[in-house]
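Okay, structure first, notes after.
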DNA sequence: TCTGATGCATAAGATTATTATGTTTGAACC
DNA sequence: GGTTCAAACATAATAATCTTATGCATCAGA
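Protein chains in written order, with our numbering: chain A, 85 to 196; chain B, 85 to 196.
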């Protein structure tokens, strides 16, 4: 990620879950492009962070995979599980409450 | 910090600078209390993170210190420097733009 | 007198990211 | 036909930043 890197720590899973919840199955490379587009080129997921995170989320039951061969090239599609859907709601709630708190501490304009 | 710890990564300096900019000189322990109060008890700065960060910020010229003895007990007051004032504006701008980006990606309500 | 708050500080460990490196396939261009 | 770049996966080394644990000392109040 290139957008104030430290701030983005801890948001990667939330982003991945949300995008998968909205757009159905996607593969890693596609996620990178989609997030870049959704963020107006300000967030570029790095592969070194993305792939290990995807693996961990699969291990934790938040995602499930489906490998597809496109010609001789592998694509590993990820899809959100029911547990993942619960998780994304919680994570987004946490994020919003985090923003609210920070808005108070930093005296930012009100969050609607 | 106890408020979704990962999310707060990278915000510690911003918080410290902002509070010092608003309230003048403060010492470490006082900062912990003030931030706790400003955040409605949701952010408790941990000393293990706070003190090393204060030292680093002083080394980087964002803060200057003034040691005062209260009885036999030391208090190390921190005050924001001109460089610190520039830094806090930049950091807050970055934070706001980070929120905007995340709002777009997560489809949150609009940030005013 | 003892406990808890005040006040500083550092070290070990965990987490999560970046950067670097590696491999293979396919398309486009000259 | 060869070169270059995008597509697509993956892991390892390193860095940054935090939590948890530990330590020490002072002071107020029960």
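Ideal Cβ placement from N, Cα and C applies to all residues, glycine included. Everything numeric in this text was worked out from a predicted model, so none of it was measured.
Residue i burial status per 10 Å Cβ neighbour count (16 or more: buried)
i: residue 117 of chain B; result: exposed
i: residue 85 of chain B; result: The predicted model places residue 85 of chain B with a pLDDT of 49, which falls under 50 and marks its position as unreliable; any figure quoted below should be read in that light. Classification of residue 85 of chain B: buried, given that the 10 Å Cβ count is 16 or more.
i: residue 124 of chain A; result: exposed
i: residue 132 of chain B; result: exposed
i: residue 155 of chain B; result: exposed
i: residue 168 of chain B; result: buried
i: residue 94 of chain B; result: buried
i: residue 185 of chain B; result: buried
i: residue 143 of chain A; result: exposed
i: residue 189 of chain B; result: buried
i: residue 174 of chain B; result: exposed
i: residue 193 of chain A; result: exposed
i: residue 196 of chain B; result: Residue placement at residue 196 of chain B is flagged as unreliable, the pLDDT there being 46, under the threshold of 50; the coordinate-derived value follows with that caveat. It counts as exposed.
Where residue i sits in the DSSP three-state scheme
i: residue 146 of chain A; result: coil
i: residue 164 of chain A; result: strand
i: residue 179 of chain A; result: helix
i: residue 99 of chain B; result: helix
i: residue 124 of chain B; result: coil
i: residue 191 of chain A; result: coil
i: residue 185 of chain A; result: helix
i: residue 198 of chain B; result: Outside the shown range of chain B (85 to 196) lies residue 198 of chain B, about which nothing can therefore be said.
i: residue 196 of chain A; result: With a pLDDT of 46 at residue 196 of chain A, under the threshold of 50, the predicted position of this residue should be treated as unreliable, though the coordinate-derived value follows. Of the three classes helix, strand and coil, the one that applies to residue 196 of chain A here is coil, per DSSP.
i: residue 94 of chain B; result: coil
i: residue 104 of chain B; result: helix
Cβ neighbours of residue i in the same chain (closer than 8 angstroms, five flanking residues each side left out)
i: residue 151 of chain B; result: 158, 159, 160 and 161
i: residue 107 of chain A; result: 118
i: residue 103 of chain B; result: 110, 115, 118, 119 and 122
i: residue 179 of chain A; result: 95 and 98
i: residue 153 of chain A; result: 159
Strand pairing of residue i, partner residues [DSSP]
i: residue 111 of chain A; result: A:161
i: residue 172 of chain A; result: Note: residue 172 of chain A sits in no beta bridge, so no partner.
i: residue 153 of chain A; result: A:158
Cutoff 6 angstroms; reference residue i; Cβ partners in own chain excluding five residues on either side
i: residue 163 of chain A; result: 109 and 148
i: residue 141 of chain B; result: 147
Other residues of its chain near residue i: CB distance less than 7 angstroms, five sequence neighbours each side excluded
i: residue 145 of chain A; result: 165 and 167
i: residue 105 of chain A; result: 164, 169 and 172
i: residue 101 of chain A; result: 146, 164, 168, 171, 172 and 175
i: residue 112 of chain A; result: 134, 135, 138 and 160
i: residue 191 of chain A; result: none
Output needed in chain order: residues of the segment 124 to 154 of chain B with a Cβ under 9 angstroms from some Cβ in chain A. The residues in question are 124, 126 and 127.
In chain order, what residues of the segment 167 to 188 of chain A put their CB closer than 7 angstroms to some CB of chain B? Of all residues in the segment 167 to 188 of chain A, only 176, 178, 179, 180, 182, 183, 185, 186 and 188 come within less than 7 angstroms of chain B when Cβ atoms are compared, listed by chain position.
Under 8 angstroms, CB to CB, which of the residues in the segment 98 to 128 of chain B have a partner in chain A? The segment 98 to 128 of chain B vs chain A, Cβ under 8 angstroms: 98, 99, 102, 103, 106, 119, 122, 123, 124, 126 and 127.
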